[in-house]
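See below for the structure under consideration.
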Amino acid sequence: MRRIEALTGRRALQDMEERVSRLDEVATVLGTSQENAVVRAEQLLAEKKELEGLLDELRSGGGAGESIVLEETIAFDEVATEYKAVRLRARNADDARKWGDAFLSKEASGVAVVSADLPDGKHTLFAFVTDDLIGQGIRADAIVREIASVVGGRGGGRPHRAQAGVEDSDRIDEALRMGRDVVEKLTREAVG
Numbered sequence: 002m003r004r005i006e007a008l009t010g011r012r013a014l015q016d017m018e019e020r021v022s023r024l025d026e027v028a029t030v031l032g033t034s035q036e037n038a039v040v041r042a043e044q045l046l047a048e049k050k051e052l053e054g055l056l057d058e059l060r061s062g063g064g065a066g067e068s069i070v071l072e073e074t075i076a077f078d079e080v081a082t083e084y085k086a087v088r089l090r091a092r093n094a095d096d097a098r099k100w101g102d103a104f105l106s107k108e109a110s111g112v113a114v115v116s117a118d119l120p121d122g123k124h125t126l127f128a129f130v131t132d133d134l135i136g137q138g139i140r141a142d143a144i145v146r147e148i149a150s151v152v153g154g155r156g157g158g159r160p161h162r163a164q165a166g167v168e169d170s171d172r173i174d175e176a177l178r179m180g181r182d183v184v185e186k187l188t189r190e191a192v193g
């Protein structure tokens, strides 16, 4: 046997107003209208699930979220500088930009070429160059244009940070390694 409860009169109106007020609070917390609250909640749950999967993947991979393809020291005018080629598991391109900003903010001189491997199976190449090397003719936009040709992409950007699309993801590691040769070529051109 089931028990059925009903509200009538003022109590029914008060209950309805309380429910509308709670729905309004939920919509405000979700940053949307009452009409879109359910859709927004579903979006947030899907994003949460995606982030949990990425977190699990990062934890199982040692927690770094990056795998070094090549890391070397190159001598420019008898000054050692770092060259780093990295595959970075990222949620989006902004994660790779943040990684690059952290690289550029270090005290050391260097060049980094990064492949952002995104959850949707897409990839984006980035090049980052410290200010001291830009003065020597080594520019991120020039590097990314050359290495993007290996993966069938095109790109550009600024002297310190540039990015390119990737068409042939099977050749990403080759493009990342090629970045070192491009840096040496740019150095020779700047000196010569």
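The sequence shown begins at 2 in the numbering used here and counts up one residue at a time. In this text, a Cβ means the ideal position worked out from N, Cα and C, and glycines have one as well. Only a predicted model underlies this, so the values are computations on that prediction, with no experimental measurement involved.
| request: Could I get the ranges of all uninterrupted alpha helix (DSSP H) runs contained in the segment 10-64, with 4 residues as the minimum, in chain order? | output: The qualifying runs are 10-31, 38-61.
| task | Please confirm whether Arg23 and Thr33 have their CB atoms less than 8 angstroms apart. | result | Remark: C-beta atoms of Arg23 and Thr33 do not approach each other more closely than 8 angstroms.
| query | So Pro160 packs on Asp142, CB below 8 angstroms; how close in whole Å? | reply | Indeed they touch by this definition, with Cβ atoms about 6 angstroms apart.
| task | Can you grab the Cα-Cα spacing for the pair Asn1 / Ala28, in whole Å? | result | Outside the shown range of the chain, which is 2 to 193, sits residue 1, and nothing can be said about it.
| field | DSSP-derived helix/strand/coil call for Thr131 | value | When DSSP states are grouped into helix, strand and coil, Thr131 belongs to the coil group.
| message | Once the 5 residues before and after Tyr151 are set aside, which same chain residues still bring their CB inside 7 angstroms of it? | response | Here the sequence assigns Val to residue 151, which means Tyr is not the residue at that position. Only Arg172, Glu175, Ala176, Met179 meet the Cβ criterion.
| task | Could you check which residue in Ile5, Met2, Phe104 has the C-alpha nearest to that of Phe129? | result | When each option's Cα is compared against that of Phe129, the closest is Phe104.
| message | Between which two residues does the alpha helix (DSSP H) holding Val145 run? | response | Unbroken alpha helix (DSSP H) run through Val145: 141-149.
| task | Return the chain-ordered list of same chain residues with a C-beta closer than 7 angstroms to the C-beta of Gly158, the five sequence neighbours on each side being excluded. | result | Excluding residues within five positions, the ones whose Cβ falls inside 7 angstroms are Ala141, Asp142, Val145, Gln164.
| task | Alpha carbon to alpha carbon, how far is Val87 from Glu43? Give it in angstroms, no decimals. | result | Going by the C-alpha atoms only, they are around 34 angstroms apart.
| said: Just to check my reading of the structure: Val184 and Tyr84 have Cβ atoms closer than 8 angstroms, yes? What is that Cβ distance to the nearest angstrom? | reply: So it is a contact: roughly 6 angstroms between Cβ atoms.
| field | CB contact flag (Arg162, Gly101, <8 angstroms) | value | A contact, by the Cβ cut-off of 8 angstroms.
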